[in-house]
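Working notes, structure below.
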Amino acid sequence: MKIARLEAHHLANIPIQPPPFRKLPNAEHALIVEIETTDGLIGYSMGGYTHPVVVDFLNHHAADLLVGEDASCIERVIARFDRHSVVRFMGRAYLSALALVDIALWDLKGKSLGVPVHKLLGGAPVYSVEELAAEAKHLAELGNLHLKNTVGRQAVPNPADDYLRMRAMREAVGPRVKLAMDGNSRMTVAQATKLCQMTEELDISFIEEPVIDNHPTQLRELRGKTSIPIAAAENHKYSARDLLVNDAVDILQPNVTNDGGYTAGLRIGMLAQAFGRSLGHGNGSGPHNIALQAALSNGGLVEYHFHKWMAYNAIFENVPQPENGYLQVSQEPGLGLNPKRGLIKEFKKVDRTSLLFSQPGAM
Ligand SMILES: [Mg+2]
160 MKIARLEAHH LANIPIQPPP FRKLPNAEHA LIVEIETTDG LIGYSMGGYT
210 HPVVVDFLNH HAADLLVGED ASCIERVIAR FDRHSVVRFM GRAYLSALAL
260 VDIALWDLKG KSLGVPVHKL LGGAPVYSVE ELAAEAKHLA ELGNLHLKNT
310 VGRQAVPNPA DDYLRMRAMR EAVGPRVKLA MDGNSRMTVA QATKLCQMTE
360 ELDISFIEEP VIDNHPTQLR ELRGKTSIPI AAAENHKYSA RDLLVNDAVD
410 ILQPNVTNDG GYTAGLRIGM LAQAFGRSLG HGNGSGPHNI ALQAALSNGG
460 LVEYHFHKWM AYNAIFENVP QPENGYLQVS QEPGLGLNPK RGLIKEFKKV
510 DRTSLLFSQP GAM
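Here our numbering runs 159 ahead of the position in the sequence shown, where the first position is 1.
What follows is the structure, given as C-alpha cells:
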C-alpha cells in the first residue's frame, strides 16, 4: 500500500444554505487532500485553511516527499513529513498541511482494513442497537436474570433513542429477564420523565440515578410521574437520609467501597428499613457488596460490571461467580477475598512521590 499520488485541491465558492437569519456567507472554501495508493484506494481529508502556500506546499513539497512511502505506516510517514525541517517555518500553515495528510492516511488505513476510523483511534465503547441487543441476548443465555443498561449518555440526553435501545434489549431477552436503566445523574427531570413514561411498557424493574446530582426533590417529582421504581445513593452528594425524608427513592444503593464501608452501609440499610425501602446494587464492587446485601433483610441485588468482575477474578482467589442469576455468599472466615499468592508483589507500582516521602529524614 504505497503512496502513488498526493494531491491538494482548493475548492472555492461552494454554495451553502446560510442560517435563516443571515444572508451571507452563502459560499464556502475548502481544502481537500487526496492520497491514492498503488492498490487503488484513496484517502480523503478536508480542512478550511486554504491559503495558497498550503496548497502549493502539499502539491509540491509534500507530494515529492511522501510518494513511494508505505501509507499503512502512519507514524513513519508523519515523522518523515515532520523531519523535513523547511516546513517548520510555515507555522500554522504547516500544521494544517500536516493534519490533512495525516487524516487522509487514517482514512486510507480504515479503508484498507475495512474498519471505521473511530474504531482505529480507540473505538469508545458505545454499542449500536444491534450490538446492545446481541450482548444482552448473550448475557441472558449465560443465565443472567437481571441486566442494566446506561441511559441518558448522549451529549444531550435523548429519551427517544434510549427507548429504542431498551426496546431492542427487551426484544432480545424476552419477558423473563429483568431490565433496569442507569442514568448516571445526567438527565433533567423532564428528560427522565419522558424516558420513564416511554419505557414503562417494557417492564423496567428500576431506574438508577436518573436526575442531575440525585437532587432529592427532583427525584421525588419524577417518582410521582412514573411507576418505574427510582434508585439512587451510589454517589451521595445528597445523603441517604435526605433521599429518605424527601420520599425520593424506592431503592438505596450504598456501595461499600466508595461510601464509607460496611459500617456506613449498615447504617444506611437500617435507616432504609425504617422507611420501608430496600437496598440494592452499588456499582461494580459486587464481590465486596455481597456481604452487606446478604446481611440485611432488606438487602437486594448485587451488581457485577463485566470488566471489574474480571479484575476481581484476576486478583482474588475464589470470587463468587454468578450462576443462573444468583451468587453464593462465601462462608469463609472474613470476606473470602484473598489476593492470589505473589500477586501484590508482582504488580505493585512504585510511586516516585511516595519513595521521596519515605526517605529517612525527608519532610
Ligand atoms: Mg450506577
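Glycine included, each C-beta is placed from N, C-alpha and C at the ideal position.
Short of 8 Å in beta carbon distance, which residues of its chain neighbour residue i, apart from the five on each side in sequence? Order them along the chain.
{"i": "A163", "result": "E195, T196, T197 and V226"}
{"i": "L460", "result": "H305, G439, H440 and Q452"}
{"i": "K182", "result": "none"}
{"i": "L486", "result": "G445, I449, V461, P479 and Q480"}
{"i": "L279", "result": "W265, K268, G269 and L272"}
{"i": "A431", "result": "A399, L403, L411, S437, L438 and N457"}
{"i": "G484", "result": "G302, N303, L304 and H305"}
Assuming residue i is part of the alpha helix (DSSP H), what are its boundary residues?
{"i": "T422", "result": "G420 to A433"}
{"i": "M469", "result": "F465 to I474"}
{"i": "D241", "result": "I233 to R242"}
{"i": "H277", "result": "V276 to L279"}
{"i": "L460", "result": "Premise fails: L460 is in no alpha helix (DSSP H) and is neither H nor E."}
{"i": "L502", "result": "L502 to F506"}
Let me know if residue i comes out buried or exposed under the rule of 16 or more other beta-carbons within 10 Å of its beta-carbon.
{"i": "L514", "result": "Note that L514 scores 46 on pLDDT, short of 50, meaning its location in the model is unreliable; the coordinates nonetheless yield the value given after this. L514 is exposed by the Cβ-count criterion."}
{"i": "L381", "result": "buried"}
{"i": "E289", "result": "exposed"}
{"i": "A521", "result": "Confidence at A521 is low in this model, with a pLDDT of 41, below 50, so its placement is unreliable and no value can be given for it."}
{"i": "F365", "result": "buried"}
{"i": "M340", "result": "buried"}
{"i": "N373", "result": "buried"}
{"i": "Q350", "result": "buried"}
{"i": "I410", "result": "buried"}
{"i": "H447", "result": "buried"}
{"i": "R436", "result": "buried"}
{"i": "P369", "result": "buried"}
{"i": "N308", "result": "buried"}
{"i": "G342", "result": "buried"}
{"i": "M346", "result": "buried"}
{"i": "R329", "result": "buried"}
Does the Cβ of residue i lie closer than 7 Å to at least one heavy atom of ligand 1?
{"i": "N343", "result": "yes"}
{"i": "N417", "result": "no"}
{"i": "N448", "result": "no"}
{"i": "E300", "result": "no"}
{"i": "N442", "result": "yes"}
{"i": "E368", "result": "yes"}
Within the same chain, show all residues whose beta-carbon is closer than 7 Å to that of residue i, passing over the 5 residues directly before and after it, in chain order.
{"i": "S231", "result": "M160, K268 and S271"}
{"i": "G495", "result": "N477 and S489"}
{"i": "P519", "result": "With a pLDDT of 47 at P519, under the threshold of 50, the predicted position of this residue should be treated as unreliable, and no value is reported."}
{"i": "E359", "result": "T385, S386 and I387"}
{"i": "I175", "result": "N185, A186 and E187"}
In the DSSP assignment, find the unbroken beta strand (DSSP E) run with residue i in it and report its ends.
{"i": "R164", "result": "I162 to P174"}
{"i": "A454", "result": "A454 -> not in any beta strand (DSSP E); alpha helix (DSSP H) instead, spanning G445 to A454."}
Grab me the residues of residue i's own chain with a C-beta within less than 6 Å of its C-beta, minus the 5 sequence neighbours each way, in chain order.
{"i": "V212", "result": "A252"}
{"i": "W265", "result": "V276"}
{"i": "D321", "result": "V310 and L354"}
{"i": "R324", "result": "V288 and L291"}
{"i": "F506", "result": "none"}
{"i": "A222", "result": "L165"}
**OP:** Scan the segment 287–343 and note each continuous beta strand (DSSP E) run of 3 residues or more that stays entirely inside, going in chain order.
**Re:** Secondary structure in the segment 287–343: the beta strand (DSSP E) runs of 3 residues or longer, each lying completely within the stretch, are 305–309 and 337–341 in chain order.
Original post:
For the segment 195–230, which segments carrying the beta strand (DSSP E) assignment without a break, of at least 3 residues, lie completely within its bounds, in sequence order?
Top reply: 201–206
Subject >> Any alpha helix (DSSP H) of 4 or more consecutive residues that is wholly inside the segment 352–407 >> reply: For the alpha helix (DSSP H) assignment, the uninterrupted runs of no fewer than 4 residues enclosed by the segment 352–407 are, from N- to C-terminal side, 375–382 and 399–404.
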